[in-house]
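Take a look at the structure below.
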Amino acid sequence: MYNKLCYLVIALLWSAGAWAQSDTLSITLENIKYPYILSFLPIKVESQDVRMAYMDIKPVNSNGKTVMLLHGKNFGGYYWTNMIKALNQKGFRVIVPDQIGFGKSSKPFIHYSFHQLAVFNKKLLDTLGINKAVVLGHSMGGMLATRFALMYPATVDKIVLEDPIGLEDYRTFVPYQSAEQDYVTELKTSYESIKKYYQTSYFTQWKPAYDYLVKIGAGVSKSADFPRYAKVAALTFEMIYEQPVCYEFGLLKVPVVLFTGKQDRTIVGKALLSEEGKAQHGQYQLLGPATAKKIPNCKLIEFDNCGHIPHIEIPDVFIKSLIANL
0 MYNKLCYLVI ALLWSAGAWA QSDTLSITLE NIKYPYILSF LPIKVESQDV RMAYMDIKPV
60 NSNGKTVMLL HGKNFGGYYW TNMIKALNQK GFRVIVPDQI GFGKSSKPFI HYSFHQLAVF
120 NKKLLDTLGI NKAVVLGHSM GGMLATRFAL MYPATVDKIV LEDPIGLEDY RTFVPYQSAE
180 QDYVTELKTS YESIKKYYQT SYFTQWKPAY DYLVKIGAGV SKSADFPRYA KVAALTFEMI
240 YEQPVCYEFG LLKVPVVLFT GKQDRTIVGK ALLSEEGKAQ HGQYQLLGPA TAKKIPNCKL
300 IEFDNCGHIP HIEIPDVFIK SLIANL
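Take 0 as the starting number for the sequence shown in numbering that gives the first Met the number 0 and just add one per residue.
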C-alpha cells in the first residue's frame, strides 16, 4: 500500500511541477515544494545568523510520542513523505529538520561537526517543548543520531538507524583529501554523475520513481550559487571522514534498532578506491551484524534484495517493520 502510494504521490507532485519548477534549483531549494508546512529556527553560529528549516507534523489522534527524522548527506526533508504519513497514522508527532548546510536550511561556511549539529537539533526539540523522542537517522543521519544519543541520552527514547554510514572508519582505507580537493570534485557534479552513483550504491534496481532524487541533486549544480553549495558539501564530507562514531557504539545507553539492506554498498569516498578496495568495504551484510554486536542493547533487522534506502526501495516492508519496533 505505502509502496504504491509513495510512487503515486511522487508522480503527481512531479507532473504538477511541485518537485521542480525548472531545471535549475536554488541551493536552498526554494523552488522545491515540501510535503508539509515549513518553519525556520533562527540560530547564531560562528557570528553568523542562519536558519534551520523543519517540518512539525502533528497527528489527528496522538499517541503522545514523537519521532525525529534525520536525513542523509545527499537528501533533505522531501524524501520522508511516506514515512511521515505512516507515522502520523499511528499517532506519532513527526519532526523533520533539514540540517544546517542541507536542504532548505542555510549554507554557511562554518566548521561542521556532528557535535554542533546535535546541539542544533536539541535546541529545536527544546524550542518545540519536546522532552523525549525516538531519533531515526538514515545514512549520515545515523551518525548524527548516534552522536545525539551519546550527548543527550535522557532525550532519546530509542535510536533507529536506517543503513547508517560510519559503520567503519573511512580514514583507515579511503585516501585523505583536503576540503579544497573535495570542493574541486564537488564542482564537477552533474546529472549523470549523481545518477550513476545512486544506481551503483543506493538501489538494487533503478526505477523511474527514483529520478526525482537525481533531479533535485543535479538541479542545484546549475545554480549561480552552486560554488557555495559545493564548498559546504566538501566541508560536510570532511566532517564524515574525520569524525567517526564507530568506536563509541559500545557507549550507547539507549535501545537501538539497526536496519540494513544486505545489498547496500555505500562507502564515503568510494570513487577514491580501487576495485579491490570497493569489494572489501561497504559490505553491509557483514557490517550490520558486526555493528549490532558492539551495541549493548541492539536489535538488528536485515532486508534481502535492498540497498541503501529501504524506506524508498521497499517502503511497505520497511514501514511495517519500523512501526512494529517503535
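Using N, Cα and C, we set each Cβ at its ideal position, and we do this for glycine too.
Everything numeric in this text was worked out from a predicted model, so none of it was measured.
query	result
Selected residue, minimal CA-CA separation from His70, among Tyr53, Ala85, Gln284, Asn62	Tyr53
C-beta atoms of Ala229 and Glu179 nearer than 9 Å	no
Beta-bridge pairing of Val155 - partner residues as DSSP gives them	Ala132
C-beta contact flag for Gly260 and Ile313 at 9 Å	yes
Reference Leu257, options Val173, Pro163, Leu143, closest by Cα	Pro163
Per-residue DSSP class, three states only, for Ser21	Legend: pLDDT at Ser21 = 45, less than 50; position of this residue unreliable, value from coordinates given subsequently. Here Ser21 sits in coil by DSSP.
Residues bridged to Asp48 (per DSSP)	Lys43
Nonlocal neighbours in the same chain, by C-beta distance under 6 Å from Phe236, ignoring five residues either side	Asp181
Bridge-paired residues (DSSP) for Cys297	Val255
Touch test, the segment 166-179 against the segment 261-281, Cβ-Cβ under 8 Å, three pairs minimum	yes
The segment 238-250 / the segment 124-131 touching (three or more Cβ pairs under 8 Å)	no
Continuous beta strand (DSSP E) stretch holding Ile311: start and end	First-last for Ile311: 309-312, but that is the alpha helix (DSSP H), not the beta strand (DSSP E).
Range of the contiguous beta strand (DSSP E) that encloses Leu69	65-69
CB contact flag (Gly384, Gly102, <9 Å)	There is no way to answer for residue 384, as the model of the chain reaches only from 0 to 325.
For Gly141, the three-state DSSP class (helix, strand or coil)	helix
Selected residue, minimal CA-CA separation from Val49, among Val59, Leu250, Asp97	Asp97
CB of Ile300 within 9 Å of CB of Ser273, strictly	no
Own chain residues within Cβ distance below 6 Å of Ile109, not counting five before or after	Val44, Glu45
Rounded separation between Asp55 and Val253 - CA only	24 Å
Backbone CA spacing between Leu212 and Lys206 [nearest angstrom]	11 Å
Nearest-angstrom beta carbon gap, Ile215 and Leu24 [assumed within contact, 8 Å]	7 Å
Per DSSP, the bridge partner or partners of Phe302	Gly260
Cβ pair Asn81, His307 closer than 9 Å	no
Presumed contact (8 Å Cβ cut-off) between Ile31 and Phe225, rounded CB distance	That belief does not hold up - the Cβ atoms of Ile31 and Phe225 are roughly 15 Å apart, past 8 Å.
Cβ neighbours of Lys122 in the same chain (closer than 8 Å, five flanking residues each side left out)	Leu40, Ile42
According to DSSP, residues forming a beta bridge with Glu161	His137, Phe258
Burial state of Ala144 (16 or more Cβ within 10 Å)	buried
Coarse secondary structure for Ser177, derived from DSSP in three states	coil
Sheet register partners of Tyr53 (DSSP bridge)	Ser38, Pro96
Proximal residues to Pro152 (C-beta, below 6 Å), its chain only, five neighbours per side dropped	Lys252, Val253
Pairwise C-alpha distance: Ala232 and Tyr196	16 Å
Spatial neighbours of Val155 in its chain, beta-carbon cut-off 6 Å, leaving aside the 5 residues before and after	Val134, Ala148, Val253
Three-state secondary structure (DSSP) of Lys3	The predicted model places Lys3 with a pLDDT of 49, which falls under 50 and marks its position as unreliable; any figure quoted below should be read in that light. Helix, per DSSP.
Limits of the unbroken alpha helix (DSSP H) element including Leu234	225-241
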